[in-house]
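Here my numbering = 1-based position in the sequence shown + 43. Cβ atoms here follow ideal geometry from the backbone N, Cα and C, with glycine treated the same way. On a predicted model such as this, the values are computed, not experimentally measured, just so you know.
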Amino acid sequence: MTAVYYAWLYRRYQTYVRTYDKEYPIFKICGGANADDYLWTDQVLRECFAHPAPQEAHGFMDGLSVHYYAGVEKGNRKGSATEFSAQQWYDTLAAIFRLNTVIQRHSEIMDRYDPEKKIGMMVDEWGCWHDAEPGTHPGFLYQQNTMRDALAAGIALNIFNRHCERVRMACIAQMVNVLQAMILTDGSRMALTPTYHVFHMYRGHQSGELLESRMEGCGYIGTEEFQIPELQESVSVNAKGIVTVTLNHMDLEGEKEIEIKFKEKQPKNVRMRVLHSKMQDFNSFDNPDRIRPQESRKWEIGKACVKIQVPPRSVTLMTI
44 MTAVYYAWLY RRYQTYVRTY DKEYPIFKIC GGANADDYLW TDQVLRECFA HPAPQEAHGF
104 MDGLSVHYYA GVEKGNRKGS ATEFSAQQWY DTLAAIFRLN TVIQRHSEIM DRYDPEKKIG
164 MMVDEWGCWH DAEPGTHPGF LYQQNTMRDA LAAGIALNIF NRHCERVRMA CIAQMVNVLQ
224 AMILTDGSRM ALTPTYHVFH MYRGHQSGEL LESRMEGCGY IGTEEFQIPE LQESVSVNAK
284 GIVTVTLNHM DLEGEKEIEI KFKEKQPKNV RMRVLHSKMQ DFNSFDNPDR IRPQESRKWE
344 IGKACVKIQV PPRSVTLMTI
């Protein structure tokens with residue numbers, strides 16, 4: 044199906060999806076692109092905004108979806124979820140970092156048609172796609188979840204935070220037992236994955252206001268082919284003035300000392316939690332708490348700053 048033909052079908056059938064109760068309005072999401080298919084986004088929006096579409100209808104949609112998976116670029120053999128090399132570690136995280144470019148370029152196209160940003164970008168499928176676990180049905184897409192997936196989740200969530208003016212929804216695929224799941228089950232047994240703990244750590248950003256932040260002195264790491272920043276962050280503040288910092292340290296070796304500087308805040312109350320383990324570690328039904336966030340006291344308050352130390356292969360939450 045071409046983008047133009049899909050847009051015509053969407054315009055036709057959305058007409059019959061109507062709001063009958065203004066207290067519960069329909070939120071219409073138009074089917075968008077897979078990853079970097081920017082032509083799809085451009086052509087769908089062009090046709091949906093074409094005359095005789097009234098301007099206030101903003102393309103007859105409230106949201107436009109996009110899918111992005113790290114791993115699908117490898118074809119049918121994507122690699123093991125738990126047995127991988129250092130190069131594959133950086134390969135996967137580099138693929139997740141490319142999500143930033145994908146969102147940025149789709150946003151630029153959306154800005155041409157919708158400069159007021161009334162249409163939300165709905166990243167309704169994203170995550171890491173590895174080979175199914177040996178012995179499981181390949182069609183069920185059951186895979187394990189390591190520290191590599193935890194860092195991938197943290198990177199993606201920070202990217203979504205930084206694009207919050209346009210990104211209105213981001214749904215990892217999927218929640219239980221499929222792909223980069225947050226929960227794995229086997230009968231009556233259950234294990235929370237490292238990705239679950241990352242989502243739990245990032246809750247403080249919800250309903251917050253994005254704060255401008257930038258890294259200085261941050262180098263690049265990885266292989267000759269796959270280079271990624273060694274650190275990545277996003278920062279928000281809530282209605283009570285509590286600042287949430289989520290920080291990812293992607294390097295496989297070496298602790299990192301970081302100074303968090305504020306322009307208009309003197310830190311007083313600080314809490315630090317860290318998710319950290321070996322790169323191939325995962326939570327199993329026999330050892331469900333192998334990876335879980337731990338409180339850390341590796342911080343020191345200074346003048347308008349907090350100095351912290353973070354381990355390699357880690358996701359860190361600071362509330363200040």
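Among GLY251, GLN337, ASN77, THR45, which one has its Cα closest to the Cα of ARG148?
-> ASN77
For LEU235 and ILE162, believed in contact at Cβ under 8 Å, the rounded distance = With 8 Å as the limit, ILE162 and LEU235 do not qualify as a contact, their Cβ atoms being about 35 Å apart.
Output the distance between the C-alpha atoms of ILE72 and VAL166, rounded to the nearest integer angstrom.
-> 11 Å
Cβ of VAL286 within 8 Å of Cβ of GLU276?
-> In this structure, VAL286 lies away from GLU276, with their beta-carbon atoms at least 8 Å apart.
If we ignore side chains and look at the alpha-carbon of each, how far apart do GLY297 and MET190 end up?
-> 16 Å
Taking three-plus beta-carbon pairs below 8 Å as touching, is the stretch 95–106 in contact with the stretch 135–145?
-> As far as the Cβ criterion goes, the stretch 95–106 does not touch the stretch 135–145, which means the pair count is below three.
Helix, strand or coil at ALA196 according to DSSP, with G and I counted as helix = helix
Is the CB-CB distance between SER279 and HIS243 below 8 Å?
-> no
Same chain only: Cβ atoms within 6 Å of ILE334, ignoring 5 sequence neighbours per side | Same-chain partners within the cutoff: PRO237, SER320, ASP324, ASN326.
Is there at least one Cβ from chain C nearer than 8 Å to TYR133's Cβ?
-> The structure shown contains no chain C, having only a single protein chain.
Should ARG316 be listed as close to the ligand NAP, given that the test is whether its C-beta is under 7 Å from any heavy atom?
-> Inclusion of the ligand NAP in the displayed structure is not the case, the ligand content being empty and no account of it being possible.
For VAL47, does the count of other Cβ atoms within 10 angstroms reach 16, so buried, or fall short, so exposed?
-> With fewer than 16 other Cβ atoms within 10 Å, it is exposed.
Using 10 angstroms around the beta-carbon of CYS91, count the other beta-carbons present and answer buried if the total reaches 16, otherwise exposed.
-> Flag for CYS91 reads buried.
Could you tell me the distance, in whole angstroms, from the CA atom of TYR156 to the CA atom of VAL87?
-> Approximately 11 Å, taken between the alpha carbons.
ALA199 versus CYS214: straight-line alpha-carbon distance, rounded = 11 Å
Spell out a yes or no on whether the stretch 309–317 and the stretch 332–347 are touching, meaning 3 or more CB-CB pairs, one atom from each, closer than 8 Å.
-> Between the stretch 309–317 and the stretch 332–347 there are three or more inter-stretch CB-CB distances shorter than 8 Å, so the stretches are counted as touching.
Buried or exposed (CB count within 10 angstroms, at least 16 for buried), LEU227 = buried
Nearest residue (CA-CA) to GLY262, options ASP294, TYR245, GLU255, LEU254 = ASP294
What first and last residue would you give for the beta strand (DSSP E) that runs through ASN291?
-> 286–292
Report, in whole angstroms, the separation of the C-beta atoms of GLU307 and LYS350, which I expect to be a contact under 8 Å.
-> Wrong, their Cβ atoms sit about 19 Å apart, outside the cutoff.
For PRO181, the first and last residue of its enclosing beta strand (DSSP E) | For PRO181, no beta strand (DSSP E) encloses it, and the DSSP letter there is neither H nor E.
Other residues of its chain near THR62: CB distance less than 7 Å, five sequence neighbours each side excluded = PRO68, ILE69
Just checking my contact of LEU184 with VAL221 at CB under 8 Å: how many whole Å lie between their CB atoms?
-> 5 Å
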